[in-house]
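Contents: one structure, followed by commentary.
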Amino acid sequence: GKDTALTRSLGASQDQHCIRTDVSEHYWLNGAKFIGIFPIPDTYNPDDDKIYFFFREVSQETSTSDRNDIGGQRSLINKWTTFLKARLVCSIPGPEGADTHFDELQDIFLLSTRDERNPMVYGVFTTTSSVFKGSAVCVYSMADIRAVFSGYYAHKESVDHRWVQYDGRIPYPRPGTCPSRTYDPTVKTTRDFPDDVISFIKRHPLMHRAAQPVGRAPVFTQVNVDHRLTQVVVDRVTAEDGQYDVLFLGTDTGTVLKVLSITKEKWDMEEVILEELQVFKQQLYIGSRDGLAQLSLHRCHTYGKACADCCLARDPYCAWDGNSCSRYTPTSKRRARRQDVKYGDPITQCWDVEDSLSLETGDEKLIFGIEFNSTFLECVPKSQQASIRWFIQRSGEEHREELKPDERVFKTEYGLLIRSLQKKDTGTYYCKAQEHTFVHTIVKLNLNVIENGQMENSHRVEEDPSRTRDLQAESRLRYKDYLQLLSSPSFSLDEYCEQMWHREKKRQRNKGGPKWKHAQEIKKKRNRRHHQPSST
187 GKDTALTRSL GASQDQHCIR TDVSEHYWLN GAKFIGIFPI PDTYNPDDDK IYFFFREVSQ
247 ETSTSDRNDI GGQRSLINKW TTFLKARLVC SIPGPEGADT HFDELQDIFL LSTRDERNPM
307 VYGVFTTTSS VFKGSAVCVY SMADIRAVFS GYYAHKESVD HRWVQYDGRI PYPRPGTCPS
367 RTYDPTVKTT RDFPDDVISF IKRHPLMHRA AQPVGRAPVF TQVNVDHRLT QVVVDRVTAE
427 DGQYDVLFLG TDTGTVLKVL SITKEKWDME EVILEELQVF KQQLYIGSRD GLAQLSLHRC
487 HTYGKACADC CLARDPYCAW DGNSCSRYTP TSKRRARRQD VKYGDPITQC WDVEDSLSLE
547 TGDEKLIFGI EFNSTFLECV PKSQQASIRW FIQRSGEEHR EELKPDERVF KTEYGLLIRS
607 LQKKDTGTYY CKAQEHTFVH TIVKLNLNVI ENGQMENSHR VEEDPSRTRD LQAESRLRYK
667 DYLQLLSSPS FSLDEYCEQM WHREKKRQRN KGGPKWKHAQ EIKKKRNRRH HQPSST
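If you want my numbering, it's the 1-based position in the sequence shown plus 186.
Rendered as structure tokens:
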């Protein structure tokens, strides 16, 4: 059968000790899937350094062992004698203790701090439920994790063998501590541990209390999406108003989410998705079975050419320099750099924004549509946090009304799809983005609906029932193309137009007039004359 173990080998010589976890007790490790291994100093004495193993089994767990562990003298020979493990909890608090748990650990990242003994531990978790699917990121402090390993042990009792808190006598030195001068100068190696210490840790490797995340809640969650989070890398960035942790989250669909987690009063968290990227200094490297991708940590130019757009992005890497949205570099010099990561309020940061409600700075375009056909009005906000609202000022009217989706009008993340255009759809369409109290126009589209009769008059053809059927079939095909365009972000408008051009050219060639067919017959006859087989 399978044997899951934690081993350590320092070489082949006899004085080097190869040790492993005990296989006689299944509750040491039970089909573990290892995620990461990190050496972390415990005190200022190097002999106290511990190795932390992060893995998942039935419950997601972390374990610790002394890096100088060489096994026991009479029991646990060549086995870990300092092995302890504890559960990691990542859940959303619910009413009356009914928490929503993300119970499968996927990845761990250690963010270094000024104190090398206390890095921040970021973990990616997913759900195993077939009903509720989601991912979450939780962050833990090493002080909290150490407190768990210094707390109560767990042991099994009663008929159902449940893990409960152990309240009995604990031998000395405390099981799980490293042999060093810090705790007891007389204990120089793990072979000096008394038998009762070895026996205790063999039967009590699990801690009773679980490690809780900072704030007792995830810093980022995603539910009911078509992907799950698999990996995490964190960068601590100094911005104008403080330090922020930017999370780069890999997904199982090959995309990378760039996420900002903002801590407010009493660990009230706000999640901000800065970008969704398709896949060493100021660069992020992403490896997969297919190859290696390199991404810049910041792409400030994508946030637009306006101060408001740069401020609304809330990207700590970027700030408005007076001319463009560019890379922010902390400096002691007084410079006019505009940035507000915590609140993203352009009204207080941008001098040219006085009245957000009347701000009409978006691009203006002229769009033509044909009656009874479909048209697509494109509008993609630069900020991931913006909520989009559509307004229409109909032809001949002065007031605007908000567009509501119905059987003809569909809102998508890329714009507005209008089916079966009517003359009353003629007017000016405003795509507005709203974040908090700030509202601005992204694009202004003037839609002119051309009557179907005008198109028929300009392309007069003989009435033919088969031609009518072809037009109806073509209309259905074009509508399918629109759906393909909406469902495939990689399918650009240019590709769609080129496809339609080739289709129209082929249709004209297949259904050309008598002159074109006559020319084709002449061409075929010439080819036959010039390629007569030679007689022998």
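Glycine is no exception: its CB is placed at the ideal position from the N, C-alpha and C atoms.
- Item | Contained beta strand (DSSP E) runs [length at least 3] in the stretch 272-341, N- to C-terminal order | 290-297, 306-312, 320-327
- Query: With burial defined as no fewer than 16 other Cβ atoms inside 10 Å of the residue's Cβ, what is the status of residue 284: buried or exposed?
  - Reply: The sequence position of residue 284 within the sequence shown is 98, counting from 1. Answer is exposed; the Cβ neighbour count stays below 16.
- Starting from residue 221, trace the beta strand (DSSP E) both ways and give me its first and last residue. Taking the first residue of the sequence shown as 1, we reach residue 221 at position 35. Residues 219-226.
- Task: Just the C-alpha distance for residue 384 and residue 276, rounded to the nearest angstrom, thanks.
- Result: Locating residue 384 in the sequence shown gives position 198, where the first residue counts as 1. Locating residue 276 in the sequence shown gives position 90, where the first residue counts as 1. The straight-line gap from Cα to Cα measures roughly 32 Å.
- 8 Å contact criterion, which residue 588 and residue 575 should meet: CB distance rounded: The sequence position of residue 588 within the sequence shown is 402, counting from 1. The sequence position of residue 575 within the sequence shown is 389, counting from 1. Yes, residue 588 and residue 575 are in contact; Cβ-Cβ is about 6 Å, under 8 Å.
- Message: Does residue 566 pass the burial test, meaning 16 or more other C-beta atoms within 10 Å, or should it be called exposed?
- Response: For the purposes of this step, residue 566 is identified with residue 380 of the sequence shown, where counting begins at 1. Exposed: under 16 other Cβ atoms inside 10 Å.
- Item | Other residues of its chain near residue 438: CB distance less than 6 Å, five sequence neighbours each side excluded | The residue labelled residue 438 in the question sits at position 252 within the sequence shown. Counting only Cβ-Cβ distances below 6 Å, and skipping sequence neighbours, we find 413, 414, 416.
- Expressed to the nearest angstrom, what Euclidean distance is found between the alpha-carbon atoms of residue 307 and residue 348? One-based indexing of the sequence shown puts residue 307 at position 121. One-based indexing of the sequence shown puts residue 348 at position 162. Approximately 29 Å between the Cα atoms of the pair.
- Query: Out of 636, 411, 274, which has the shortest C-alpha to C-alpha gap to residue 321?
  - Reply: Here the question's residue 321 lines up with position 135 in the sequence shown. Selected option, being the one with the closest Cα: 411.
- Roughly how many angstroms separate the alpha carbons of residue 373 and residue 234, rounded to a whole number? Translated into the one-based positions of the sequence shown, residue 373 becomes position 187. Translated into the one-based positions of the sequence shown, residue 234 becomes position 48. C-alpha separation (whole angstroms): 13 Å.
- Item | Option nearest residue 635 by Cα separation, candidates 218, 604, 622 | As a first step, residue 635 must be located in the sequence shown, where it is residue number 449. Ranking the options by Cα distance to residue 635, first place goes to 604.
- Task: Classify residue 637 as buried or exposed, calling it buried when 16 or more other Cβ atoms lie within 10 Å of its own Cβ.
- Result: What you label residue 637 is simply residue 451 of the sequence shown in a count that begins at 1. Residue 637 should be labelled exposed.
- Query: If you measure from the beta carbon of residue 243 to each beta carbon in chain D, is any gap under 8 Å?
  - Reply: As a matter of chain content, chain D is missing from the structure shown, which is built from one protein chain.
- Item | Minimum C-alpha distance to residue 622 - residue among 231, 571, 445 | Working through the sequence shown from its first residue, we reach residue 622 at position 436. The shortest C-alpha separation from residue 622 is found at 571.
- Of the residues 490, 443, 492, the one placed nearest residue 472, counting alpha carbons only: Here residue 472 refers to the residue found at position 286 when the sequence shown is read from its first residue. Here the closest residue by C-alpha is 443.
- Query: Do the stretch 598-613 and the stretch 552-567 make contact, defined as three or more Cβ pairs closer than 8 Å?
  - Reply: yes
- Task: Give the secondary structure of residue 590 by DSSP, where H, G and I count as helix, E and B as strand, and everything else as coil.
- Result: Counting from 1 along the sequence shown, the entry for residue 590 is found at position 404. Coil at residue 590, not helix or strand.
- Option nearest residue 160 by Cα separation, candidates 399, 267, 297, 292: Since the first residue shown for the chain is 187 and the last is 722, residue 160 is missing from the structure and cannot be characterised.
- Message: On the criterion of 16 or more Cβ atoms from any shown chain inside 10 Å, does residue 217 qualify as buried, or is it exposed?
- Response: Taking the sequence shown and counting its residues from 1, the one referred to as residue 217 is at position 31. Exposed: under 16 other Cβ atoms inside 10 Å.
- Message: Applying the 10 Å Cβ sphere with the 16-neighbour rule, what's the burial state of residue 192?
- Response: The residue given as residue 192 occupies position 6 in the sequence shown. Per the 10 Å Cβ criterion, buried.
- Query: By a C-beta neighbour count over all protein chains shown, 10 Å radius and 16 as the cutoff for buried, is residue 167 buried or exposed?
  - Reply: In the structure displayed, the chain extends from 187 to 722; residue 167 sits before or after that span and is not available.
- Query: Mind checking whether residue 765 and residue 330 have CB atoms under 8 Å apart?
  - Reply: Any answer about residue 765 is impossible in this case: the structure gives the chain only from 187 up to 722.
- Query: To which residues of the same chain is residue 295 closer than 7 Å at the C-beta, ignoring the five residues directly before and after it?
  - Reply: Here residue 295 refers to the residue found at position 109 of the sequence shown. Contacts found: 308, 418, 419, 420.
- Task: Take residue 551 and list the residues in its own chain whose beta-carbon comes closer than 8 Å to its own, dropping the five residues that flank it on each side.
- Result: On the sequence shown, position 365 is the one that residue 551 refers to. For residue 551, where only same-chain residues beyond five positions count, the Cβ hits under 8 Å are 629, 630, 631, 632.
- Message: Could you pull the DSSP bridge partners for residue 636 from this structure?
- Response: Your numbering for residue 636 matches position 450 in the sequence shown. Bridge partners of residue 636: 556.
- residue 569 versus residue 460 - alpha carbon distance: Here residue 569 corresponds to residue number 383 of the sequence shown, with the count starting at 1. Here residue 460 corresponds to residue number 274 of the sequence shown, with the count starting at 1. C-alpha separation (whole angstroms): 7 Å.
- Message: Quick check on residue 237: buried or exposed, where buried means 16 or more other Cβ atoms within 10 Å of its Cβ?
- Response: As a first step, residue 237 must be located in the sequence shown, where it is residue number 51. Residue 237 should be labelled buried.
- Item | 3-residue-minimum beta strand (DSSP E) runs that sit fully inside the stretch 475-524, ordered along the chain | 478-482, 504-506, 511-513
- Less than 8 Å separating the beta-carbons of residue 289 and residue 313? Position 103 of the sequence shown, counted from the first residue, corresponds to residue 289. Position 127 of the sequence shown, counted from the first residue, corresponds to residue 313. It is a contact, given that the beta carbons lie within the stated cut-off.
- Does the stretch 422-440 come close enough to the stretch 504-517 to have 3 or more Cβ pairs within less than 8 Å? yes
- Task: Give the DSSP-derived three-state secondary structure of residue 362 in the structure shown.
- Result: Position 176 of the sequence shown, counted from the start, is the residue given in the question as residue 362. Correct three-state label for residue 362: coil.
- Assigned secondary structure, residue 386 (DSSP; H/G/I helix, E/B strand, else coil): By 1-based counting over the sequence shown, the position of residue 386 is 200. It is helical.
- Message: How far does the alpha helix (DSSP H) with residue 534 in it extend, from its first residue to its last?
- Response: Translated into positions along the sequence shown, residue 534 becomes position 348. Run containing residue 534: 532-535, per the alpha helix (DSSP H) assignment.
- Message: By alpha-carbon positions, which one of 440, 470, 445, 496 ends up nearest to residue 476?
- Response: Looking up residue 476 in the sequence shown gives position 290. The residue with the shortest Cα to Cα distance from residue 476 is 440.
- Could you check which residue in 493, 510, 525 has the C-alpha nearest to that of residue 500? Within the sequence shown, numbered from 1, the residue matching residue 500 stands at position 314. Of the listed residues, the one whose Cα sits closest to residue 500 is 525.
- In terms of DSSP beta bridges, what is residue 350 paired with? Walking along the sequence shown from the start, residue 350 turns up at place 164. Residue 350 pairs with 341.
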